[in-house]
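Data first, discussion second: the structure below is written as structure tokens.
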Amino acid sequence: MIARNLTHRPIRTALSVLAVAVEVTMILMIVGISEGLLSESQRRSRGVGADIIIRPSTSSAAQSLGTADIPQKLLERLAEIFPEIKITTGTALTTLGNLQTITGVDWERFTEMADGVHYLDGGPLKNQYDAIVDEVYARYKKVRVGDTLNLLNHDFRVVAIVESGKMSRIFIKLETMQELMGWHGRLSQLYLKLHDPTATAATITKIKALLPSYPIYAMEDLLSQAAANLRSMSAQSINVIIGIAVTIGFLVVMLSMYTSVLERTREIGILKSMGASKAYITRIVMRETLAMCIVGIVFGYLFAYSAKVAIETFFPLIAVLILPSWVFWGAFIAIVSSLVGSLYPATKAARQDPIEALAYD
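Numbered per the numbering used here, the sequence shown spans residues 4 to 364.
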């Protein structure tokens, strides 16, 4: 009976299924994009290979960096004072319009700290206006070795494409970045790699005694704190979009089941005249809703994973991470909102008087 009722009204059923699918897709995609960008950022930060990071005295753990306020000579001073430090390097970076960064690095020190980089094509930075891009940026911009990129109002020659996951999408020489930005002798942040990573906490305590005004973090602690802050900041926008998705699903399902109940008034009257209870009538409506919801959830998963593939193909700078936990929560939210949406139509159907229902035209 449930299957025949649903297939008897294919357009209304399809619209209800689509509403649930859109609801699930919106939930998975908004959370997936948020988590994907965060995960990719953390992966690239870990790729540096540093144990300790030092930020300018004006920054905080969750603040983006677009200035250079740390004296470069501090790098050598730290290496001289603290024998625990194995490698030091610093960067000067600024953001581009697409939320990506361009980073000035001492390429030799950087690659040593990161335990090398995997060149997919080309070689290291040599000349003043050389640039290296990672594979994701190269695919997005269709860049090849030898091409020219306009960065910071200057033309740079792409000398290499490297595997992604090492700090940034675009690298130029540190001296070039400092010259173009007017940051001579200054850095945006310092990275320290220790001989013994288990000594990170003790080393941070010593460095803080020397540099009390600088925020100094263990890399893993910084990433955890930044992740918590970003999730907290994005929670409101995610909840708003989920709320919109739930409202759409709720209203469409309620309207669909309400009109279905009106159209089947005589059918309900016949069932009740044959002894069908209120609970039986309610279960029929709720089961139809649940059946539509399950089909909608399946299509929602298909839409979400298709959208993930499409986004990562055409917009590779945007990472999408669909978490298994949100696969469950997306389905749960869709089911609850759909059943709540069908509650009033089901109650209305159960309360119909069988004599009035049989006389309904």
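Note that CB positions come from ideal geometry on N, CA and C, so glycine has one too.
Source: prediction; values computed, not measured.
Please report the straight-line C-alpha distance between L177 and Q228, rounded to a whole angstrom. In this structure, the alpha-carbon of L177 lies about 28 Å from that of Q228.
Reducing DSSP to helix, strand and coil, say where K196 ends up. If DSSP states are grouped into helix, strand and coil, K196 belongs with the strands.
Between G39 and V323, which are expected to be in contact by the criterion C-beta below 8 Å, what is the C-beta distance as a whole number of angstroms? Contact flag correct, Cβ pair sits at about 4 Å.
Go to Y344, then tell me how far its alpha helix (DSSP H) extends in each direction, as first and last residue. Before going further, note that residue 344 is Gly rather than Tyr in the sequence given. Looking at the DSSP string, the run of the alpha helix (DSSP H) that includes G344 is P327 to A353.
Pick from L123, K129 and V23 that is closest to V108, judged by C-alpha positions: The residue with the shortest Cα to Cα distance from V108 is K129.
DSSP three-state assignment for K129, whether helix, strand or coil: Looking at K129 - three-state DSSP - the assignment turns out to be coil, as it is neither helix nor strand.
When the Cα of I73 is compared with those of I219, A294 and V249, which residue comes out closest? Of the listed residues, the one whose Cα sits closest to I73 is I219.
Evaluate Q131 with the Cβ neighbour count: other Cβ atoms within 10 Å of its Cβ, from every protein chain shown; 16 or more gives buried, anything less gives exposed. Exposed.
Let me check one thing: in DSSP terms, what residues is A163 bridge-paired to? DSSP, once it has assigned bridges, lists G125 and I135 as partnering A163.
Indicate the three-state DSSP secondary structure (helix, strand or coil) for N156 in the structure shown. Correct three-state label for N156: coil.
Coarse secondary structure for R189, derived from DSSP in three states: In the structure shown, the three-state DSSP call for R189 is strand.
With a 10 Å radius around its C-beta and 16 neighbouring C-beta atoms as the bar for buried, classify E83 as buried or exposed. By the neighbour-count rule (16 or more Cβ atoms within 10 Å), E83 is not buried but exposed.
Does the region 46-54 come into contact with the region 245-262, if we say contact requires no fewer than three beta-carbon pairs (one atom in each stretch) closer than 8 Å? The answer is no - the region 245-262 does not touch the region 46-54, with fewer than three Cβ pairs under 8 Å.
Distance check for Y304 and K209, CA to CA, integer angstroms please. Taken atom to atom, the span from the alpha-carbon of K209 to that of Y304 is near 51 Å.
With distances taken from CA atoms, which of L226, A53 and T70 is nearest S60? Shortest Cα-Cα distance from S60 to any of L226, A53 and T70 involves T70.
Is DSSP giving T321 helix, strand or coil here? The residue asked about is misnamed: residue 321 is Ile in this sequence, not Thr. Look at I321 here: in three-state DSSP terms it is coil, with no helix or strand label.
Under a three-way DSSP split, which group does L177 fall into? Of the three classes helix, strand and coil, the one that applies to L177 here is helix, per DSSP.
Cβ shell of M116 (< 8 Å), same chain only, five flanking positions each side left out: Taken in chain order, the residues that qualify are V51, G52, A53, I90, T92, Y194 and K196.
V343 and L31: beta carbons closer than 9 Å? Cβ distance not < 9 Å, so V343 and L31 don't count as in contact.
Helix, strand or coil at T16 [DSSP, three-state]: T16 falls in the helix class under three-state DSSP.
Relative to the C-alpha of W332, which candidate in M29, R12, R15 and I14 has its C-alpha closest? Among M29, R12, R15 and I14, the Cα nearest to that of W332 is on M29.
Can you tell me whether T201 is buried or exposed? The criterion is at least 16 other CB atoms within 10 Å of its CB, across all chains shown. Exposed.
Beta-carbon within less than 7 Å of F306's beta-carbon, same chain only, minus the 5 sequence neighbours each way: which residues are those? Taken in chain order, the residues that qualify are A24 and T28.
Note down, in chain order, each residue of its chain lying with its Cβ closer than 7 Å to the Cβ of A310, except the 5 sequence neighbours on either side. The answer, listed in chain order, is T28 and M32.
Under the three-state DSSP convention, the category V34 falls into: Reduced to three states, the DSSP call for V34 is helix.
Take L99 and list the residues in its own chain whose beta-carbon comes closer than 7 Å to its own, dropping the five residues that flank it on each side. Excluding positions up to five away in sequence, the list reads I105.
Looking at Q75: is its Cβ nearer than 9 Å to the Cβ of G185? At the C-beta level, Q75 and G185 stay beyond 9 Å of one another.
May I ask you to report which of helix, strand or coil DSSP gives L96? Correct three-state label for L96: strand.
To the nearest angstrom, how far is it from the Cα of M236 to the Cα of T179? Going from the Cα of M236 to the Cα of T179 covers about 35 Å.
On the three-state DSSP scale, how would you describe K169? It is coil, neither helix nor strand.
Restricting to Cα atoms, I'd like to know which of I173, V288, A294 and R290 is closest to A95. It is I173.
Quick one: measure Cβ to Cβ for S340 and V255, integer angstroms, because I've assumed they're closer than 8 Å. No, S340 and V255 are not in contact; Cβ-Cβ is about 10 Å, not under 8 Å.
Assuming T104 is part of the beta strand (DSSP E), what are its boundary residues? Where T104 is concerned, the enclosing beta strand (DSSP E) stretches over T104 to V108.
Are R160 and A134 close, meaning C-beta to C-beta below 9 Å? Yes, they are a contact pair.
Per DSSP, what kind of secondary structure is A53 in: helix, strand or coil? Coil.
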